[in-house]
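Residue numbers (the numbering used here), protein chains in the order written: chain Z, 1 to 336; chain B, 337 to 741; chain X, 742 to 1152; chain Y, 1153 to 1500.
Just below is one structure, and these are the notes that go with it.
Written out as structure tokens, the structure reads:
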């Protein structure tokens, strides 16, 4: 089992810290996830599990430290993002002034404002679009001049990180299959034009996507429930649907936030089975955030324990179970 | 992936669903083309049936339909923004104006002199009208450009900001057209636009409303078709996902900003098309054609028609237009002539926006899905009202999380 | 896209067919109609209503042997304000009604801009009782509106244009009141800006000095900043280009606040909207109140026209209310149209073309209630008479009213 | 941690250094502008225009407070708020003109003070009630609905208010008795300053200060802050959410009413559509200062006032609105959280 832990890390978090005003939710936590492993993050309520989780996912920017995924620096404290808006606006302003100047000196153009206006618009457009779409090269350029904006959740997904929510956040009014289809968003290539043209290519893609979606539903054990509105599914199924949705983006790393919360033992068992199946058959790496020790002890290769935002223990389930500080955190000190 | 491959590919839901989908797409295009044609023919027919011909000559009816059609286009476009993507755009008239002025610049002597082209001199007043057709596209593009310019800074922020910024934008655009006399001829507006022309038949004419009418029908049909295709595509799903839960949408890999921006730009471009068409019909554009009243009227049309449902919105737009421009007015004149003491003094036109207001509030409280609801929107809006604390909390938490970006 | 393409093809064909089978003018029977297109609801009614009633009165009185004459009244106000799109539609309604041989209206320049191209294409005689914007007729702008057949004039008006009215006020200010320095506020709208420009040009031509010029759009409530700015330049008078509704009254009301209370206040017919009585709420005098003293305004129409007394009597008798500012103009416009029809009838054929020719012939003189009126080559009235009024706070039993001062003829 | 909480600083809590710096910078900028103004316009003009700007800004600020409070608590842009201001103006003019039958100025100081006090009390009271009623019937049922629903409802309410007023008072300007004598002025460095302006500014400042006190020091104020911070947690702590929100609307609307009174005193007229522009600018002010942050709203109001008057002083009146909204967009691009409102920024 412990062989897995020697795999090269897929995700590395260094000294991740997050403060909210005065209070420190997560302080200098180092954390790595080896490939193909199932690692868990546990801790009593208010230990900062979810905050840490959100930092990993780019939902919250860390106050300090950074997160690397597949060797790429994804999340870190934003640097000089205020200047980025200058990057967008400056070119247009410069051009505008230049053109206006030319116009007023009457050198090239007799209608300064008109011409300048058009130019400025186009440049502004271009730079703004750039700032929104943020292609990689653009981000690299920015990084070179010291402007770093850490990844947004969708960037993490594109990079290959899937997630589920502690309190289920499905698109309640869409059908199960549609939820999964939304999950496939990053995988699908059809664009505005092909959608408008309703091209054969897109229709094929859509058809294929449906097949795949149904496969995923089957995989998580929701076959045949595809056309039910997500809100009408029983609780356990909603959890499974959320996992299916996360899988739809073909993630390499799957982050499950208290997947067993509110499940009965039976459902929990199925879940455990499903999780190890995901790892063994789809070759995913899985990070569990759990409250329920039993589940974690069962399947984790490694367990990390947080308390009051600090990492108090890390190791195999056995080691952690024995660790006095863990016991104290769970039994001794009341949950913060 | 091995496991997935091994799984039985043909699950019961799979092919059936896929089949459905494909047929839906085709079927839709035909239904729209046909039903627009039928409706168009029907309306045209009405214009020749005695009781209606007494009210006003048939041509006037057709012309009226065409004006209504402009609002239908606007409503369809706004529906894409408000109804589908759930972004509140209160400055919609601005894009309408931008479209109109775009056409004016290319298709009027004054505009040509500003742009430094001499299209009209070279082609002549009649033939120059051919530019109308490409201009439909150009107008759409220019409007979309401004849409992006406006949306780019604001769509990164939460929705409400968009509402107020668009409202401001809707105020600015007329002011700009009004005050930069040198390039827009200021308050006098730009006159002498050329009417659209077709190779065989030459230019449209004020005497014969049918060419405009049919053009309008075609535009409406195309817009509606594209709207449906978009909504059924990957983009449409993304928009709905964002509308339902923005954080979850982001967590499934949707780039919420670009996707929202796309919806916003598409809505703008539709308004641009409507603007070009309207300008080519009035052959004059001036800033006072694009007040915020237009924006709010269109919004009312969308909300009352049924957010998210294109047919509903189209019908809603037509109905409300008729109420505005025909019903209330004739009520007025009727009661003016028949000197019924109280009713004579009531000015129904003045009541109109009061009615809008009441209708909007009542709608949101009682039937938020609108008169002709979109099934999913209906589910959503109704559940929303009986949403339990848990959900409201998570949404709040979500927004706060989002914010920390 | 396939279906779209198919649809487009079908539609294109349809357009062509429709175009070929376009409905023409059609024959005109014995029952003639005169269109009246004005904004007749909401806040527009107050000013345009009297014009309509005047026109209706004239049509009622008209006698053309062998023919009957009846009005077609169309209201192009939407949401209570004049709406160009609706105005265009109403004009379409009128031109597509073969029996309509002449039109009275519109009231606002922005509507005229969209109506003239249509009526011009139809060659339908149109007479506006109130339009004063020069661009509607004169120069290239005028030609642009008449794009279809630029040389067939079909639009005439009985009101004098702003480029006469503005200067008239200027001359009054310089020559009669002996003022030198003036500051100008306009409401950035067609009428207000136009008249202000004309006024400014004339004022400087007469050796006066324009010491300040600001444009404050409709909806502005605070003019103190503007006035404070003016105060620095020490003007002797303030000219307001615009109407009361867009700020004409407010500017005057706020002048005392910044210590400009005793300056002369000048304006066009936009602020000449009757007494400050309760019934006439919202008028310049009622808004400005005490401050209205020492204000002067012009009206681009003859005030002391010969038949005024009997017309007012007639109007009062017909409608039970006193004639409004534009009643006589409406009446006169209708008269012009009717005379044109008569002239055509005399020639034997009543077609739109004949009526148009008769109505716009520069040679003809029309005997209207406003006195003899001729139209020049582009259709502007020859009767370039401006009447000037001064506020008399004692009048209208203390409520204040405009007192006729003098009228100047700019032949 | 929303901005309303942040404003408790005014209520005595420790002020973080960052904000002090920011304020200092701001003040520096203002001083610079002032210097520029004096240089370009001359002292006299500069002072007089400055007073104009403050007066106008005071009105915007009073309206902006309502926007920002409501937003801070239920995150609703209350589009109808601008119209509440307009209705307030009509309430006050009705009270003064119709009920008290006043027309001209009152020179007898005690009488004047009493009348003014009465007007403010009555108007603010009535407006507060109207605000609460509207909240109860138009917004409360939609508290958990998608964001769009209450926004649209607010637009509807705004239509209703405007048109009810138009039906009652007509589409034209209605006179509001200028009971405060125009003739009262004081001379400062050659500049003539109307006492009325000073009075208006004073009223605004007093109201804002007492609002800060209320939010910072009282139980209800704390309730509001905690509700703004986390409605559910607050309710668990035993805060009566519905009552708190109602009170927020009450205060906001009352302030709008005060703005209406002031507006009547200063400009002497009201019209049914006054609320639209004013509301828009006031909202801009709120965003400028950092929406949700009451201090910011007040600040923003004055800034907008200065921008507009500045535009006029430079001769760009006709561009005034465009400039204001330009500022709005720029602020949103560069500093979406506004000048002071970083707390709410976490939500923005």
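All C-beta atoms, glycine included, are put in the ideal place defined by N, C-alpha and C.
Contact check for residue 1416/Y against residue 1349/Y fails: the beta carbons are separated by 7 angstroms or more. When Cβ-Cβ separations below 7 angstroms define contact, residue 634/B makes no contact with chain Y. The beta carbon of residue 544/B sits closer than 8 angstroms to the beta carbons of 395 from its chain, once the five residues preceding and following it are set aside; these are given in chain order.
For the segment 1332-1350 of chain Y, the set of residues with a beta-carbon nearer than 9 angstroms to any beta-carbon of chain X comprises 1334, 1335, 1337, 1344, 1346, 1348 and 1349, in chain order.
Chain-order list of chain Z residues neighbouring residue 1486/Y: 82, 85, 86 and 89, by C-beta distance under 9 angstroms. The straight-line gap separating the alpha-carbon atoms of residue 1270/Y and residue 876/X is approximately 53 angstroms.
Residues 1327, 1328 and 1330 of the same chain have their beta carbon placed closer than 7 angstroms to that of residue 1420/Y, with the five preceding and five following residues left out of the count. Here the alpha carbon of residue 612/B sits roughly 7 angstroms from the alpha carbon of residue 471/B. According to DSSP, residue pairing for residue 808/X in a beta bridge involves 805/X. With contacts defined as CB atoms closer than 7 angstroms, residue 1470/Y and residue 929/X qualify as a contacting pair. In summary, residue 1443/Y is buried, with 16 or more beta-carbon neighbours lying within 10 Å of its beta-carbon over all protein chains present. The C-beta of residue 392/B comes closer than 7 angstroms to at least one C-beta of chain X.
When the beta-carbon positions are compared, residue 899/X and residue 789/X stay at least 7 angstroms from each other.
As the crow flies, the alpha-carbon of residue 421/B is around 30 angstroms from that of residue 1236/Y. In the three-state reduction of the DSSP assignment, residue 1340/Y falls in the strand class. Contacts with chain X at 7 angstroms (Cβ-Cβ) include residue 1208/Y. In this structure residue 599/B is in contact with residue 423/B, their Cβ atoms being roughly 6 angstroms apart against a cut-off of 8 angstroms. Excluding its 5 nearest sequence neighbours in each direction, residue 1427/Y has C-beta neighbours in its own chain below 6 angstroms: 1234, 1235, 1237 and 1238, listed in chain order. Neighbours of residue 873/X across chain B, judged by C-beta separation under 8 angstroms, do not exist; the nearest C-beta is about 13 angstroms away.
For the segment 1449-1481 of chain Y, the set of residues with a beta-carbon nearer than 7 angstroms to any beta-carbon of chain B comprises 1470, 1471, 1473, 1474, 1477, 1480 and 1481, in chain order. Following the DSSP letters along the chain, one finds residue 196/Z inside the alpha helix (DSSP H) bounded by residues 192-197. With distances taken between CA atoms, residue 704/B lies nearest to 1290/Y out of 1228/Y, 1290/Y, 1259/Y and 1178/Y.
Between residue 1213/Y and residue 1450/Y, the C-beta spacing is below 7 angstroms. Using a Cβ distance threshold of 7 angstroms, residue 255/Z and residue 287/Z count as a contacting pair. The residue from 293/Z, 24/Z and 41/Z with its alpha-carbon nearest to that of residue 257/Z is 41/Z. About 22 angstroms separates the Cβ atoms of residue 580/B and residue 53/Z, ruling out a contact at the 8 angstroms cut-off. At a cut-off of 7 angstroms, the C-beta of residue 700/B has a neighbouring C-beta in chain Y. Assigned with DSSP and collapsed to three states, residue 774/X falls in strand. One alpha carbon belongs to residue 46/Z, the other to residue 1486/Y, and they sit about 34 angstroms apart. Using a Cβ-Cβ cut-off of 7 angstroms, residue 185/Z counts as an interface residue toward chain B, since at least one Cβ of chain B sits closer than that to its own.
Here residue 807/X has 771 and 1086 as same chain residues with Cβ atoms under 8 angstroms from its own Cβ, once five neighbours each way along the sequence are excluded. Residue 183/Z sits away from residue 230/Z, with the two beta carbons spaced by 7 angstroms or more. Inclusion of residue 775/X and residue 828/X in the CB contact set at 7 angstroms is not warranted, their separation being larger than that value. In this structure, residue 1448/Y places its C-beta atom within 7 angstroms of the C-beta atom of residue 1492/Y. No Cβ-Cβ contact shorter than 7 angstroms links residue 622/B with residue 426/B. Interface annotation, residue 1068/X: not in contact with chain B, CB-CB separation never under 7 angstroms.
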